[in-house]
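Heads up, the thing below is written out as structure tokens.
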Amino acid sequence: MGQTNIKETKTLPEIQPPAGRIAIVADGNSPDPDDLGGTAVSLALLRAANLDNRLVHYSHSCDLVRGDRISERAENERHALMQSSCDVTARRWGGFSGLTFLDASWQKEKTVNDLKTAINASSEKDPLWIIEAGEPDIIGMALDASEKSKHKYVKVVTHHPANDNAGDFYTWQQILDFGVEEVRIPDQNTHLKVALPEWDWAKNHPDSRLQQIWLQGKIAEVDDVVKFQKGKWDCSDAGMILYWITGATNGGLELGTVKDVKALLLDFIDKN
184 MGQTNIKETK TLPEIQPPAG RIAIVADGNS PDPDDLGGTA VSLALLRAAN
234 LDNRLVHYSH SCDLVRGDRI SERAENERHA LMQSSCDVTA RRWGGFSGLT
284 FLDASWQKEK TVNDLKTAIN ASSEKDPLWI IEAGEPDIIG MALDASEKSK
334 HKYVKVVTHH PANDNAGDFY TWQQILDFGV EEVRIPDQNT HLKVALPEWD
384 WAKNHPDSRL QQIWLQGKIA EVDDVVKFQK GKWDCSDAGM ILYWITGATN
434 GGLELGTVKD VKALLLDFID KN
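Numbering (the numbering used here), first residue to last: 184 to 455.
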């Protein structure tokens with residue numbers, strides 16, 4: 184079965200990342216649980232592309248003000264689930280040496296300082312690509328605390344206005360007013376929020392690393408806070424990682440598919 188899957192998806196997307204480092208700011212503690220699967224796939228893709236050492240910041244639970252749509256108990260569960268998705272995926276897939284996965288809400292000062300440090304290390308030859316996989320507030324706070332002269336070397340990748348416009352402290356325009364470069368790609372839900380059976384290849388694969396990836400998306404699918412994930416396996420935010428590792432603004436996949444994810448992950452599993 185594993186060999187059949189590999190043959191079906193042996194055409195690999197070209198790995199040609201741009202210069203610079205990458206930072207990811209995700210939520211997952213907000214009502215939408217899709218970041219559970221998105222986180223696992225994002226980390227696995229970076230590892231499969233041998234780019235895990237380029238990830239200099241990863242924070243989750245960046246929705247800083249809990250809304251009425253999620254209870255305090257459910258919110259606390261999400262924090263734990265997101266931390267698990269980060270830590271377990273990184274340990275099982277390997278790499279990410281020295282990186283600490285931060286809870287943006289519960290470790291806000293540490294998270295802002297960590298992202299600020301990454302911003303301050305930026306240069307023309309070594310820019311920072313910030314993946315906006317949640318609300319923009321942490322990004323705004325880090326930009327506000329960082330050296331203004333570095334902002335022209337920061338690029339913020341986004342795919343959905345729902346993230347851009349969800350801030351409690353910063354509007355999207357205020358993020359852009361810092362002088363960063365906006366890198367906008369199409370809505371990644373188009374091809375990466377799919378019917379659950381489209382991920383059976385991972386669920387049924389003999390390698391437990393792929394089963395673990397599938398499990399994160401399944402946890403989101405059976406979430407009892409929202410209803411719009413039912414029957415869906417959603418790693419839409421990972422589309423921004425797929426875009427980055429395949430070239431970003433220089434020919435990156437703007438609308439990556441599950442087939443692309445599958446090809447890269449199966450290739451890594453086959454070789455490792």
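No residue lacks a Cβ here, since even glycine has one placed at the ideal position from N, Cα and C.
- For LYS376, the enclosing beta strand (DSSP E) has its first and last residue at 376-378.
- As computed with DSSP, VAL337 is found in a beta bridge with LEU311.
- If you look at LEU326, you'll find it in the alpha helix (DSSP H) that goes 320-328.
- By alpha-carbon distance to ILE368, the top candidate from ASP347, LYS333, LEU398 and ILE358 is ASP347.
- Between GLN199 and GLY430, the C-beta gap is smaller than 8 Å, which places the two residues in contact.
- The region 330-346 makes no contact with the region 229-236; the number of CB pairs closer than 8 Å stays below 3.
- Less than 8 Å divides the Cβ of LEU379 from the Cβ of LYS415.
- For the pair of segments examined, the region 204-221 was found to touch the region 279-299: the number of CB pairs separated by less than 8 Å reaches three.
- Residue burial is scored here from C-beta neighbours: ASP383 has fewer than 16 other C-beta atoms within 10 angstroms and is therefore classed as exposed.
- Per DSSP, TYR241 is one residue of the beta strand (DSSP E) stretching across 238-243.
- Straight-line measurement puts the Cα of ASP351 at about 21 Å from the Cα of VAL409.
- Per DSSP, PHE411 lies in no alpha helix (DSSP H) segment and is marked neither H nor E.
- Short of 6 Å from the beta carbon of ASN372, and not among the five residues preceding or following it, lie these beta carbons of its own chain, in chain order: SER419.
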